[in-house]
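Each residue of the sequence shown is one higher than the last, beginning at 138 in the numbering used here.
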Amino acid sequence: MSCALSTRCLRRAVASHPPAPVNHVSHSSSVRRQYSYAALKTRSQPTHARQKDTPTPGPAATHQLDIRIQRDSFTGHPRERKSSRRRSSQDGVVTTVAERGFLEERVQRGGPSQPDQIFSDHLSGLFSPLKFPPQLSARILTHASHPAAFHGHNAQLSFIGRRVLESYLLLLLTSSSHLKPTHDLQEIVSRVLNTYFLGEHIGSKWGLGRVMRWTPTLPASLQPPETLQAKSKLLKEVGLFKVQGDAVTAVIGGIFQQFGASVAHRVFHTRMLPRLLLTEGGLPACFHGDANAICARLGGANGDLILDSEVLPSRELQPEDSGTTNSQQTL
138 MSCALSTRCL RRAVASHPPA PVNHVSHSSS VRRQYSYAAL KTRSQPTHAR
188 QKDTPTPGPA ATHQLDIRIQ RDSFTGHPRE RKSSRRRSSQ DGVVTTVAER
238 GFLEERVQRG GPSQPDQIFS DHLSGLFSPL KFPPQLSARI LTHASHPAAF
288 HGHNAQLSFI GRRVLESYLL LLLTSSSHLK PTHDLQEIVS RVLNTYFLGE
338 HIGSKWGLGR VMRWTPTLPA SLQPPETLQA KSKLLKEVGL FKVQGDAVTA
388 VIGGIFQQFG ASVAHRVFHT RMLPRLLLTE GGLPACFHGD ANAICARLGG
438 ANGDLILDSE VLPSRELQPE DSGTTNSQQT L
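Structure representation (structure tokens):
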């Protein structure tokens, strides 16, 4: 009885919920899928998305790729290659350096050219029979304001020459019988060896302004002065006397360094000090007699700078001299 009842209930439940037809379900899903594909095909895509998905190499990218391939095949790995190419030119040396994938081009200043012989000829003519080397002459007559000062200028020689002049002048003053306790030695030295004073009275006599290399402080397009006073004022304004004074002390420094202290001492007493015996700005009048006596004892204003018994010092040691020096050091 119970079994028949359960069977009857099961049939009623199945009859109340009929199964869906299989063809209808598959057909609806197929139609929905076909519609989705059609919608995707007809939908317009953005431009940036299309470029992101399928990038098209342009001519610039192709050119860069070709350059990279040629560069790697010629020089090797970018991080390991290190090459340089130098090409000489008239103004300088252009150096192209390829390192770590970058090409760097830099211009270096050319090396020091051969010094002009005019510098050596001018100084050798002033202080005959001294023979100035061309390189030393070019350095003496080159001021720090000139572009050629990159290869050497006269600042160091001027420093040495000023100390040499101060020493010789102090020796003259302290050995004079006219020196009094009221005399201020420092004031006398600074007045006699003033840079502008030396440039005006010594540098102009030596003609250093015609051969010096320097850069004026005023443009060259300035109108030339008409009167002598205006010309003297203009020369002071452009700094000619200052530059000539530095060149005078550089000449003494170069002579002291190249030819020795004895030659520099004679140049001071025969070529310089007699032209500084002035009433205004020069050596005091009470010391003029001592200066003239020393100049006459050394042969006058045109006296010989080198005696026959003297031998100019050489800056280069000969082989026998170097051997003697080594033997003395060994002993």
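Note that the Cβ used here is the ideal one computed from N, Cα and C, for glycine as well.
Item	Value
Residues near G346 by beta carbon distance below 7 Å, same chain, minus five either side	G340, L377 and Q381
T354 versus S314 - alpha carbon distance	45 Å
Three-pair Cβ contact test at 8 Å for the region 327-343 versus the region 379-395	yes
K342 versus A387: straight-line alpha-carbon distance, rounded	16 Å
Nearest residue (CA-CA) to H402, options G419, R300, W351 and R145	R300
D321 - containing alpha helix (DSSP H), residue span	Run containing D321: none; DSSP gives neither H nor E here.
Bridge partners - T279, DSSP secondary structure assignment	R350
Residue span of the alpha helix (DSSP H) that contains D383, given as start and end	L377 to F396
N- and C-terminal bounds of the alpha helix (DSSP H) containing R299	A292 to S312
7 Å CB neighbourhood of L302 in its chain, flanking five on each side removed	L330, T386, I389 and F405
Residue environment, S295, which counts as buried when at least 16 other CB atoms sit within 10 Å	buried
Span separating the alpha-carbon of L415 from that of P421	8 Å
Option nearest R350 by Cα separation, candidates Q272, E324, L309 and L278	L278
Opening and closing residue of the alpha helix (DSSP H) in which H338 lies	Unbroken run through H338: none, as it is neither H nor E.
Residue span of the alpha helix (DSSP H) that contains I255, given as start and end	Q254 to L263
6 Å Cβ shell around R149 - same chain, five flanking residues per side excluded	none
Own chain residues within Cβ distance below 6 Å of I431, not counting five before or after	H406
Beta carbon of P411 nearer than 8 Å to that of A398	no
Chain-order list of residues whose beta-carbon lies under 7 Å from that of V348 (same chain, five-residue window excluded)	I255, F256, H259 and L278
For L310 and P270, the rounded distance between their alpha carbons	34 Å
Chain-order list of residues whose beta-carbon lies under 7 Å from that of A433 (same chain, five-residue window excluded)	none
The alpha helix (DSSP H) enclosing N429, as first and last residue numbers	H425 to R434
Among G419, V375, E417 and L413, the one whose alpha carbon lies nearest that of A438	L413
Local Cβ density within 10 Å of R276, reported as buried at 16 or more and exposed below that	buried
Reference G426, options L444, S312 and G289, closest by Cα	S312
Buried or exposed by the 16-neighbour rule on C-beta atoms within 10 Å, applied to G262	exposed
Local Cβ density within 10 Å of G419, reported as buried at 16 or more and exposed below that	buried
CA-to-CA distance, F287 to H320, given in whole angstroms	43 Å
Close-in-space but distant-in-sequence residues of the same chain around R145 (CB under 7 Å, 5 per side omitted)	none
Buried versus exposed call for S274 [16 or more other C-beta atoms within 10 Å across all chains shown]	buried
Nearest residue (CA-CA) to F396, options D253, G298, H290 and S282	G298
Top-ranked residue by Cα proximity to L267, from L322, G391 and A285	G391
P318 to R328 span [Cα, whole Å]	18 Å
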